[in-house]
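In what follows, a structure is listed as structure tokens, so that the remarks can point back to it.
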Amino acid sequence: MADVWISGAGMTKIGRRVERLQDLMAEAAHAALAVAGIERPDAIVVATMNPEEFLGDGNFASNVATHMGFAEVPAVRVETATSSGAAAFYAGFAQVAAGLHRTVLVVGGEKMTHLSTPRVSELIGRSIDPYERSYGATMPALAGLITRALMGRHGAGEREIAQVSVKNHANATRNPYAHFPTAVSLEDVMTSRMVADPLRLLHCCPISDGAAAVLLSATRTRVRVAGIGQGTEALAVRQRPSLTSFRATQSAARAAFAMAGFPPARVDFAEIHDAFAPFELISLEDIGLVPPGKAGRATLDGDTALDGRLPINPSGGLKARGHPLAATGLAQIVECVWQLTGKADGRQLDGRVSLAHSIGGLATNNWVTLLEAT
Amino acid sequence: MTPITLPGVGEIVSFTTLHSPPEGFRSPLHIAVVELDEGARFVCHGAQTEGLRIGSRVAIEAIDSVYYFSHLGTLDRARLFWRRAGRSGDRVNAIARSLAKRMWKGKQHAEH
Numbered sequence: 001m002a003d004v005w006i007s008g009a010g011m012t013k014i015g016r017r018v019e020r021l022q023d024l025m026a027e028a029a030h031a032a033l034a035v036a037g038i039e040r041p042d043a044i045v046v047a048t049m050n051p052e053e054f055l056g057d058g059n060f061a062s063n064v065a066t067h068m069g070f071a072e073v074p075a076v077r078v079e080t081a082t083s084s085g086a087a088a089f090y091a092g093f094a095q096v097a098a099g100l101h102r103t104v105l106v107v108g109g110e111k112m113t114h115l116s117t118p119r120v121s122e123l124i125g126r127s128i129d130p131y132e133r134s135y136g137a138t139m140p141a142l143a144g145l146i147t148r149a150l151m152g153r154h155g156a157g158e159r160e161i162a163q164v165s166v167k168n169h170a171n172a173t174r175n176p177y178a179h180f181p182t183a184v185s186l187e188d189v190m191t192s193r194m195v196a197d198p199l200r201l202l203h204c205c206p207i208s209d210g211a212a213a214v215l216l217s218a219t220r221t222r223v224r225v226a227g228i229g230q231g232t233e234a235l236a237v238r239q240r241p242s243l244t245s246f247r248a249t250q251s252a253a254r255a256a257f258a259m260a261g262f263p264p265a266r267v268d269f270a271e272i273h274d275a276f277a278p279f280e281l282i283s284l285e286d287i288g289l290v291p292p293g294k295a296g297r298a299t300l301d302g303d304t305a306l307d308g309r310l311p312i313n314p315s316g317g318l319k320a321r322g323h324p325l326a327a328t329g330l331a332q333i334v335e336c337v338w339q340l341t342g343k344a345d346g347r348q349l350d351g352r353v354s355l356a357h358s359i360g361g362l363a364t365n366n367w368v369t370l371l372e373a374t
Numbered sequence: 001m002t003p004i005t006l007p008g009v010g011e012i013v014s015f016t017t018l019h020s021p022p023e024g025f026r027s028p029l030h031i032a033v034v035e036l037d038e039g040a041r042f043v044c045h046g047a048q049t050e051g052l053r054i055g056s057r058v059a060i061e062a063i064d065s066v067y068y069f070s071h072l073g074t075l076d077r078a079r080l081f082w083r084r085a086g087r088s089g090d091r092v093n094a095i096a097r098s099l100a101k102r103m104w105k106g107k108q109h110a111e112h
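Protein chains in written order, with the numbering used here: chain A, 1 to 374; chain B, 1 to 112.
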């Protein structure tokens with residue numbers, strides 16, 4: 001398998017955007033291409049979770065390729081629910097690693113804020129097991145069940161969970177691309193409106209629009225894709241032996257570290273899928289970045305803060321950078337690339353190995369990607 | 001495949017209350033995952049969650065093909081217990097088993 005490198009990365013500001021999704025994706029893609037100094041990629045991989053229902057547009061690989069002026073460049077679309085961006089990155093990685101193409105543009109995005117919150121919630125909720133959905137289970141409902149289990153069995157306290165939101169909002173204040181670059185206090189989080197008891201509003205990521213893109217290359221650059229792994233799990237949450245860890249993350253991490261040939265201890269910083277604050281704690285332990293049962297304490301102690309031992313979500317995470325579904329997995333990778341190449345103004349970290357972790361659905365299709373500066 | 005009948009008694013694995021449930025559901029919506037003593041897990045609705053905890057004993061039953069959980073009070077539990085333990089000899093054995101199980105569980109909790 002040939003080495004795969006990242007030669008360009010770009011994204012839009014995340015938030016409530018009035019532009020069309022095609023325009024947002026073109027903006028991100030052209031930013032990535034400009035950095036790489038390439039006019040036209042050999043192939044395109046597009047990630048969108050559900051443009052059919054969010055926008056009424058289909059055939060989206062051709063749609064967006066045509067819009068970008070690349071109608072004749074081979075394009076495919078990849079979808080694994082909320083981790084579609086990471087899955088598209090994997091598909092692009094595979095094309096370059098296999099020698100099918102020398103440069104592959106991977107671009108992901110979503111546009112949702114023009115719809116009402118209940119409608120968006122319902123559309124995202126369609127990735128849930130139909131039987132559980134028939135009981136009114138939404139993503140926040142299932143996350144509420146998981147949060148209570150985490151607090152009960154694992155002893156994660158309210159303050160530990162709330163601190164994830166506080167930290168990620170603090171990081172976002174330094175990120176001009178973030179949806180919510182505003183600080184929140186522990187008290188703000190712990191007194192915010194109850195959504196799915198014990199899960200509160202400020203434990204949950206917002207509904208956001210945006211796009212992100214990277215250019216993968218067979219030619220050596222400053223950032224190498226060191227490892228990438230996928231992990232999967234049954235659709236139904238009730239059929240899982242544990243509610244307080246995600247098997248899909250554990251197997252994705254195992255696969256990624258096996259490919260990279262180094263252990264979790266080598267990771268200097270990470271972007272973690274904190275769609276709900278407790279998921280960051282669960283994921284840190286599932287990936288092996290923090291020993292089992294220690295993620296809450298590590299977060300409260302500041303270990304995962306920007307100036308901590310292991311900075312987590314320097315971008316602000318899904319919580320504060322925002323979560324434009326299929327853009328997210330790629331926005332995480334864009335942040336990692338910026339950090340590794342010294343382009344994260346105002347929040348620059350010193351590190352050589354970074355990790356991005358993306359959750360699809362209620363942890364049914366997860367990804368771990370390792371990037372290394374050379 | 002042979003259908004089997006389960007007694008419909010189990011433990012709360014986790015539960016939540018939705019304050020803005022999806023369309024077609026009344027607020028607040030109480031949802032729980034219940035594990036029956038035989039191991040099968042169900043998603044259920046419930047009328048309330050007051051006093052409910054992870055590990056609480058609940059009964060589940062289907063009304064119009066929808067499963068509902070209800071918290072078992074001491075009296076309900078005693079009633080179920082006597083109904084399930086048949087002859088007097090079995091009852092003594094069942095009481096002993098139940099006590100042993102409770103002590104074992106208490107010990108496990110203490111260790112954690």
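Note that CB positions come from ideal geometry on N, CA and C, so glycine has one too.
None of the values given here were measured: they were computed from a predicted structure.
C-beta atoms of residue i and residue j nearer than 8 Å
| i | j | result |
| --- | --- | --- |
| Thr80/A | Ala71/A | no |
| Leu100/A | Pro51/A | no |
| Asn366/A | Ala252/A | yes |
| Met49/A | Ser84/A | yes |
| Ala363/A | Glu233/A | yes |
| Val267/A | Ala373/A | no |
| Ile54/B | Gly152/A | yes |
| Ile44/A | Ala178/A | no |
| Val43/B | Ile12/B | no |
| His203/A | Ile146/A | no |
| Lys319/A | Asn168/A | yes |
| Ser208/A | Ala270/A | no |
| Ala375/A | Ala75/A | The structure shown does not extend to residue 375/A, since chain A is modelled only from 1 through 374, so no value can be given for it. |
| Ala212/A | Ala2/A | no |
| Gly155/A | Leu24/A | no |
Endpoints, beta strand (DSSP E) assigned at residue i
| i | result |
| --- | --- |
| Gly231/A | 223–232 |
| Val13/B | 9–18 |
| Tyr131/A | Looking at the DSSP string, Tyr131/A is not in any beta strand (DSSP E); the run it does join, the alpha helix (DSSP H), is 130–133. |
| Ser121/A | Where Ser121/A is concerned, there is no enclosing beta strand (DSSP E), although the alpha helix (DSSP H) it sits in stretches over 117–125. |
| Ala62/B | 57–63 |
| Gly8/A | 5–11 |
| Gly114/B | As displayed, chain B neither begins before 1 nor continues past 112, which places residue 114/B out of reach and without an answer. |
| Glu372/A | 365–373 |
| His113/B | Residue 113/B falls outside the range modelled here, since chain B spans only 1 to 112, and no answer is possible. |
| Gly108/A | 103–110 |
Limits of the alpha helix (DSSP H) - the one that residue i falls within
| i | result |
| --- | --- |
| Leu284/A | 277–287 |
| Ala327/A | Careful: Ala327/A lies outside any alpha helix (DSSP H) and carries neither H nor E. |
| Gly308/A | No alpha helix (DSSP H) contains Gly308/A, which DSSP labels as neither H nor E. |
| His357/A | No alpha helix (DSSP H) contains His357/A, which is instead part of the beta strand (DSSP E) from 353–358. |
| Ile146/A | 139–153 |
| Gly296/A | 295–300 |
| Gly136/A | That residue, Gly136/A, is in no alpha helix (DSSP H); it is neither H nor E in DSSP. |
| Ala320/A | 317–320 |
Within chain B, partners of residue i - CB distance below 8 Å
| i | result |
| --- | --- |
| Val73/A | The premise fails here: Val73/A is roughly 40 Å from chain B at the closest Cβ pair, so nothing lies under 8 Å. |
Chain-ordered neighbours of residue i on chain A, where CB pairs are closer than 8 Å
| i | result |
| --- | --- |
| Ser14/B | Leu145, Ile146, Arg148, Ala149, Gly152, Leu243 |
| Arg41/B | Arg238, Gln239 |
| Ile54/B | Arg148, Ala149, Gly152, Arg153 |
| Val33/B | Leu145, Val237, Arg238, Leu243 |
Proximal residues of chain B, C-beta to C-beta of residue i below 9 Å
| i | result |
| --- | --- |
| Ala293/A | Rather than Ala, the amino acid found at residue 293/A in this sequence is Gly. Here the premise fails: no neighbours, minimum Cβ distance about 10 Å. |
| Met194/A | Thr17, His19 |
Residue i: contacting residues in chain D (beta-carbon distance under 8 Å)
| i | result |
| --- | --- |
| Glu23/B | Here the protein chains are A and B, and chain D is not one of them. |
Where residue i meets chain B, residues with beta-carbon distance less than 7 Å
| i | result |
| --- | --- |
| Gly296/A | Correct list: empty, because the minimum Cβ distance to chain B is about 15 Å. |
| Asp197/A | Thr16, Thr17 |
| Glu132/A | Val43 |
| Ala141/A | Thr16, Leu18, Ile31 |
Contact list for residue i against chain A, beta-carbon separation under 7 Å
| i | result |
| --- | --- |
| Leu29/B | Gly136 |
Residue i Cβ short of 7 Å to the ligand GTP heavy atom set
| i | result |
| --- | --- |
| Ala32/B | The model depicted lacks the ligand GTP and carries no ligand whatsoever. |
ask   = Three or more beta-carbon pairs under 8 Å between the region 311–331 of chain A and the region 270–282 of chain A, yes or no?
value = yes
message = Three or more C-beta pairs under 8 Å: does that hold for the region 330–350 of chain A against the region 2–14 of chain A?
response = yes
ask   = Do three or more CB pairs link the region 7–18 of chain B to the region 54–62 of chain B at distances below 8 Å?
value = yes
4 or more residues per run - each alpha helix (DSSP H) lying fully within the region 231–278 of chain A = 247–260
request  = Pick out the complete beta strand (DSSP E) segments inside the region 58–87 of chain A, 3 residues or longer, and give them in chain order.
outcome  = 75–78
inquiry  = Under 8 Å: do the region 355–372 of chain A and the region 218–228 of chain A share three or more Cβ pairs, one atom per stretch?
reply    = yes
Segments assigned beta strand (DSSP E), at least 3 residues, entirely inside the region 172–200 of chain A = 194–196
ask   = Counting Cβ pairs closer than 8 Å, one from the region 212–226 of chain A and one from the region 239–255 of chain A, do we hit at least three?
value = no
query = Should the region 164–173 of chain A be called in touch with the region 183–200 of chain A, which here means at least 3 C-beta pairs below 8 Å?
reply = yes
query = Taking one C-beta from the region 327–334 of chain A and one from the region 287–307 of chain A each time, how about it: are there three or more such pairs within less than 8 Å?
reply = no
query = Unbroken beta strand (DSSP E) runs of length 3 or more, entirely within the region 35–60 of chain A: which are they?
reply = 43–47
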